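First the structure, in the form of structure tokens, and then the observations on it.
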Amino acid sequence: MNFRHKSPMLIVLFAVLLVFGSAWGDQVDERIRQLNLELKAQGESWTAGRTNMSDMSPEQRRALLGGPDEPQIIDTGAVEKTPDGAYIGGAFPASSFDWRNRSGTNWMTPVTNQMCGDCWAHATLGSMEVRLRYQKGGTYGYQLPINLSERYAVTCSPHASCSAWNIPGLLSFIESDGVPDEECLPYNSSLDCSDRCSNWSHRVYKVTNYGTYYGPGSTFRDQVANSVYYYGPIPVWMKVYDDFWDYSGGIYTRTSSVEEGGHFVNIVGWGTSGGVDYWICKNSWGTGWGVNGYFYIRRGTNESRIEEAAYWLTPQNLPNLNDSTPTGWDYPIVPRGNNTATTTNATVTSTLPGNSNATYWNVNWKNEGTVKARDNVTHLSVDDIYTYWFSLSYQPAGYDSRHVNSGPSTVRGGRHTICQNTMDYDNRVWEYDENDNTYCKQFVWSPYSLSDNVPVTRSSAPPKRNTLGYSYYNCDGFSFDVQSTHPTDWWSAVGILPYSSSADYDVRLHDIGTYTGSEGGFGSYLEYSSYGGSASDFVIVNDNQAAHGTYYAGVLNYNEGSGAFRIEEDASEKIFDGTNGPYSKISSNVLDIYEYYASSAGTYRFKLDQTAGTCDLGMTLYDDDTTTASKSDYMSGGYANSNGDGQDEYMDVTIPDAGFHGLAVWKADAGDYNKTTTYKLQAGKCATPGTPSTPSPTDGAVNVPVTADLDWANSSFTLYYDVWFKKSTDASYTKLGEPETSAWALGTLDQGTTYQWAVRSNNICGSASSYVYWSFTTVDTTPPTPDPMTWSVIPYELDTSEIKMTATTASDPSTPVSYYFDFTSSPTGGTGGSDSGWTTSTSYTDSGLQANHQYEYTVAAKDAQGNMTAYSTSSREYTDIETPAGIVFGTITTTSIQARSSNTPSNLSSGSSGLLVENTTEGTSSGWKQNNNLWTSGSLSPNQKYTFRAMARNGDGNQTPWSGSASCYTQAKAPEAMAFSNITQTSIQANWSANGNPAGTAYYCENLTQGTNSGWITATSWNSTGLDCGKSYTFRVRARNEDAIETTLVSLGSATTLPCADACEGNFDGDNDVDVSDFAVFAADYGRTDCDTGDLCEGNFDGDNDVDVSDFAVFAADYGRTDCP
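Mapped onto our numbering, the consecutive letters of the sequence shown carry residue numbers 179 to 1303.
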């Protein structure tokens, strides 16, 4: 506020008024200081302090005292008795007691904070809340969130006012009508009875008996103490004196004789300190008063008349929700495979449909209490997973809920625990037993049928294996057939593999016939594979020994882990001595099982050769006498898994007798979940191999064709052969290889040459036979010339899909000469490419090729006798690349444009391939680049047109024509704000700079306050007219380029039109100025508080019925003005 040029008298008066605001606070501190001195002088044990009552005015404090001046005594004829039936009274039941710590438990509800004279409601409901908890809430009643609505008692009772009333009147209302919970009508001064919740009538709590203990005297004290001890806090009337407001601790005895009014509080206990007996009381003035809202007051002396009237009450009983099986139902929870249940007939169907959306729920719970329960919700869970919910708007006493045919839901096959978990899910209903709200039972759903060698992925974990301590575990259930679907494959295995390394999933094998319907199956088991950690597990059935039929597999979540898993049923495939495979397995494969026939007793070796992939594979061997087995039931020595990811494994097993044995190959653990693999299996007995015999060509043969291959008879117990070969003129042999079959393809031999060769046999365990040596001589042949063949015209591209080539014309006496153009490879990975086959033409065009890919060719010739030249040197050529189709644009700014080809030519990263984008307007380009990423053409001018085009070249550098051209404009720059000009009372000119935009750029200016705009204009200013005087207006502006792309909005700020003439509120004498004569009028009224009595206060500017500092501020603002209209 500006006081320049004000009179000295006015400034002095204002300074005096400023002191008034702090004077009351100083008075409070002094009052408390004097009170503490007096308490100390009198030897009192309590102290005064600044509380949330201290700073209130006397009127505000007294407004909180809602008790009558004298207590009301009422005789209802009811009596309160102890739990054993005796009348309340007699000696104190304990030397000290406190409901805040009854046997270590705090039963009290929170301290409330009155906002008017409704202490009668707070005291009554505070007592009723604890008595409901203790008398009706059972062992754990202290946990009930009981909180009754004081606002309901105030606005819905016959009193219907926040002013003083009496507790007997309120208790009569609660007995007949009841009072609901706080949530129904919160404690808020803006709410009244019409704002109560719509279902209030189902949420009220009543008292069944009430009465009055009156005193003073020892009988009164005995009755109060026993009532408090056995049942809960009791409301009492007391007289408040003016020192009570500042109470902050200790045992209160009044030091003042100034009565403030009647008040209601709760006695919650008693005790003795320093020889002084006291009551413990709960007030309703918030936790900022007293000792966190409580106070201690002398007992036995009727201090503050607190021992004259107490009002006991007995609350109604609480409801209780519990599971219940209605007549005609099997259980409180009845799952069914159809929706035909009724409220009087709900039995579990003989089978429950697993793995389909076809399970219907029938659920019942009952209110076993003697009073109705409010609205409540029950959650249904399957294996602790929420599945369905049921609700009631309210539940009468003895009422069965009976929800039928809810659903459908999808439940996996197998054994599952179904729970009403819990009745009254969100704890809305205050019950006398909160511990009987869960009912559970296990049922069995029809299993998922596994097909041979078809892995199944479950997208989530199997259920918790044991929900509530049942003897049978929950499981994900599956079925599989043995023999009926694969009569020649004798071994079957079911394996699982978890996705997560933290999951430990197990599998159990259940016998034929153990699944009997909705209440039977997946209990007792034949085998249990539990390898631990995230390892794979499996079970096996050997149909050589086991019965034919349908078996069952249950998958358990051993450690309650999370994540998907895969399961696969595999029927055996026969393997033989030697190498078997390769077996290529997709990522979802879990395991394979094979059947191996051991012809006799002895030591056998099994090798797993992983030829592709990085799986950690293992294998195990099972005896031919096995009926069923788990993963760990392998033969002695029949386990191999020690070398890790991508490595080979082997094992030597001593087999006691001949028979068909099971060999399982499996992924080790979760680390292999998504891996593919290819492997071979080698098997054989560790016996001495037989000696090779019966060679072909025969030993010493002549005129052997140059195309001859080597062959010999199979040798017993042989895994592979060592084959050596040489010309007779060579000094030493060369090893050709280690074939597993008794043959070797030599290729074309030299004519007229003697060759020598040697072979020996090797078994699987490393033993070998002796070498056998043989020889033969080839026939004489001569191929065409030139040899090797040469090119007449090397391969060259015709277009994007064809390459043409020409061989040198060969000469040979045996005609015709044929040519073979051999496509060898595409180094760039292009598709297509094919051989010519033998042809008499010297030219060949290869078509169907991929654009801009390199293809390699060679050529050979042969005569009519089949004598063939060597292939020519290879030659490579790229096909043509596609011509760019056009230009597309990316991000456009004020100084740059991004552009690229509208199509991406093939294989741009290969060889000399490339793409060039050119800004023809600027004469700049991207340079040759091997991608079609956007090229940014920079350093451009705003709102200007630029034209672009593109060309490509293939891997050999051959260029395409230019694409068609495309053009666009750069963005305009956002204008810059400039100062406003030409401001009048009705107009403002907004101004901005072009900020580098060319002439002709369009702008759009808006007056946000008035809601008007300039429209699109090319000027850099706009005069906004038709405005109000003395008012602030806010403007913003934007620009756009020739492509109509707009810039961001730019704030131009605000400007105020010229002011209108002001009125003067302090011009009392109407002489167009505010001077000393007006001050005399204002000063005459200053300090008045009776402006609402009919005697006009001219200085009451703010209309609050007094003339104070706030009115002075208004007067001072106008003082000295001479321009009053």
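All C-beta atoms in this analysis are idealised placements derived from N, C-alpha and C, irrespective of residue type, glycine included.
Predicted, not measured: the structure shown is a model, and the values here were computed from it.
Per the DSSP secondary-structure output, W844 pairs in a beta bridge with L769 and G796. For the stretch 971-1008, the full-length beta strand (DSSP E) segments reaching 3 residues or more read 981-985 and 996-1003 along the chain. T757 and A807 have their C-alpha atoms some 27 Å from each other. The C-beta separation of G791 from T856 comes to about 6 Å, placing the pair in contact by the 8 Å criterion. In the DSSP assignment, D1024 falls outside any alpha helix (DSSP H) and within the unbroken beta strand (DSSP E) covering S1021 to D1024. S327 carries a coil assignment under DSSP once its states are collapsed to helix, strand and coil. At a Cβ-Cβ threshold of 9 Å, T931 and S910 do not count as neighbours. Put simply, the stretch 245-265 touches the stretch 486-501. At least three CB pairs are less than 8 Å apart. Residue pairing by DSSP places Y782 opposite V831 and K863 in a beta bridge. Only residues of its own chain outside the window of five on either side were considered, and among them T986 and S1050 have a CB closer than 6 Å to the CB of T968, listed in chain order. Per the coordinates, the alpha-carbon of Y577 lies some 19 Å from the alpha-carbon of N599. Here R1078 is bridged, per DSSP, to V1066. The beta carbon of S405 is closer than 8 Å to those of E258, I266, Y391, I412, A488 and W490 in its chain, skipping five residues each way along the sequence.
In the structure shown, E612 falls within a coil segment according to DSSP collapsed to helix, strand and coil.
The C-beta separation of Y1182 from W1170 comes to about 11 Å, leaving the pair out of contact by the 8 Å criterion. In the three-state DSSP reduction, I345 falls in the helix class (H, G or I).
The alpha-carbon of T616 is positioned some 38 Å away from that of G471. Exposed is the label assigned to T635, since fewer than 16 other Cβ atoms lie within 10 Å of its Cβ. When DSSP states are grouped into helix, strand and coil, P236 belongs to the helix group. Judged by their CB atoms, G356 and V332 are not nearer to each other than the 9 Å cut-off. Shown here for T1148: same chain residues with a beta carbon closer than 8 Å to its own, the five before and five after excluded, namely I1070, T1071, T1072, T1073, S1074, I1075, L1118, S1119, P1120, N1121, Q1122, Y1124 and N1219 in chain order. Rounded to whole angstroms, the separation of the alpha carbons of P574 and N545 is 7 Å. According to the DSSP secondary-structure assignment, M1046 is paired through a beta bridge with K1040. Only exposed fits Q220, as fewer than 16 other CB atoms lie within 10 angstroms of its CB. Rounded to the nearest whole angstrom, the CA to CA distance from A1233 to I1166 is 7 Å. P513 and T527 have their C-alpha atoms roughly 8 Å apart.
According to DSSP, P676 shares a beta bridge with F743. In the displayed model, Q723 falls within coil according to three-state DSSP, outside both helix and strand. With a cut-off of 8 Å on Cβ pairs, the stretch 1267-1274 is not in contact with the stretch 1251-1259, counting fewer than three such pairs.
Exposed is the label assigned to F754, since fewer than 16 other Cβ atoms lie within 10 Å of its Cβ.
DSSP places S1115 within a strand segment (E or B) once states are collapsed to three. Nearest Cα to G532 within the set D1282, N1173, W457 and D654: D654. D770 places its beta carbon less than 9 Å from that of W844. The three-state reading of DSSP puts T450 in strand, counting E and B together.
Here V632 is exposed. Its C-beta has fewer than 16 other C-beta atoms within 10 Å.
The alpha carbon of V622 has as its nearest neighbour, out of N605, E609, Y651 and D611, the alpha carbon of Y651.
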